[in-house]
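Asks: Residue numbers (the UniProt record's numbering): 1 to 176. Okay, here's the structure, questions in a sec.
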């Protein structure tokens, strides 16, 4: 019985330390994230059918028919990111039941991102962040990033690195 108690105690300490390291790392990686999502100027985007659009963030929301008060998932990724590839099916499944806008950062022009989306079979709404300005303006220098936007375009529950499907759905539910 003493061995079992010792094992449980050691496991609890190890898990607590691991959680502390994870949360500390997330806090450090998201330290430059502003309170609001505010991409400025004219944006370029690709729709799931491959058509290209241009306009403001509000124009994109209106084109997609998104409820102004419902939470929206935001997924920042890059074509060259292996962790992003590991999340592709999770993001696609989430987009089937929740509004999701992805941001292809530092991944080339519209034609190269469109080709990547088609090759990988990804039916995503994708903002084009060819030079990384949108990501940098929000304090993100690593990918992938997952965040939830509330009805006031406030960034909620920002994480850097791999996020599970359960984690994505829990963050959306929590923001709702």
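Backbone N, C-alpha and C define an ideal beta-carbon position, used for all residues, glycine too.
#1: Starting from residue 37, follow its DSSP beta bridges and name the residues at the other end.
#2: Among 73, 70, 42, 3, which residue has its Cα nearest to the Cα of residue 59?
#3: Give me the residue from 176, 151, 139 with the minimum Cα distance to residue 159.
#4: Under DSSP, the beta strand (DSSP E) around residue 54 begins and ends at which residues?
#5: Going by C-alpha to C-alpha distance, which of 102, 9, 172 sits closest to residue 129?
#6: Return the CA-CA distance between residue 40 and residue 175, expressed in angstroms with no decimal places.
#7: Inspect the beta-carbon positions of residue 133 and residue 147 and report whether they are closer than 8 Å.
#8: Specify whether the stretch 109–128 and the stretch 88–97 touch according to this definition: at least 3 beta carbon pairs, one from each stretch, less than 8 Å apart.
#9: So which of 105, 118, 114, 154 has the shortest CA-CA distance to residue 144?
#10: May I ask you to report which of helix, strand or coil DSSP gives residue 46?
#11: Nearest-angstrom Cα distance between residue 56 and residue 12?
#12: Check each candidate in 137, 118, 170 and name the one with the smallest Cα separation from residue 49.
Replies: Straight from the coordinates:
#1: DSSP, once it has assigned bridges, lists no residue as partnering residue 37.
#2: Put simply, of 73, 70, 42, 3 the residue whose alpha carbon is nearest the alpha carbon of residue 59 is 42.
#3: Residue nearest to residue 159 within the set 176, 151, 139 is 139 (criterion: CA-CA distance).
#4: From DSSP, the beta strand (DSSP E) with residue 54 extends over 52–55.
#5: Comparing Cα positions, the closest option is 102.
#6: Their backbone Cα atoms lie some 24 Å apart in a straight line.
#7: Note that the C-beta distance between residue 133 and residue 147 is not below 8 Å.
#8: Segments in contact, yes.
#9: The residue from 105, 118, 114, 154 with its alpha-carbon nearest to that of residue 144 is 105.
#10: Correct three-state label for residue 46: strand.
#11: Linking residue 56 to residue 12 through their CA atoms gives a straight-line distance of about 49 Å.
#12: When only C-alpha atoms are compared, the closest one is 118.
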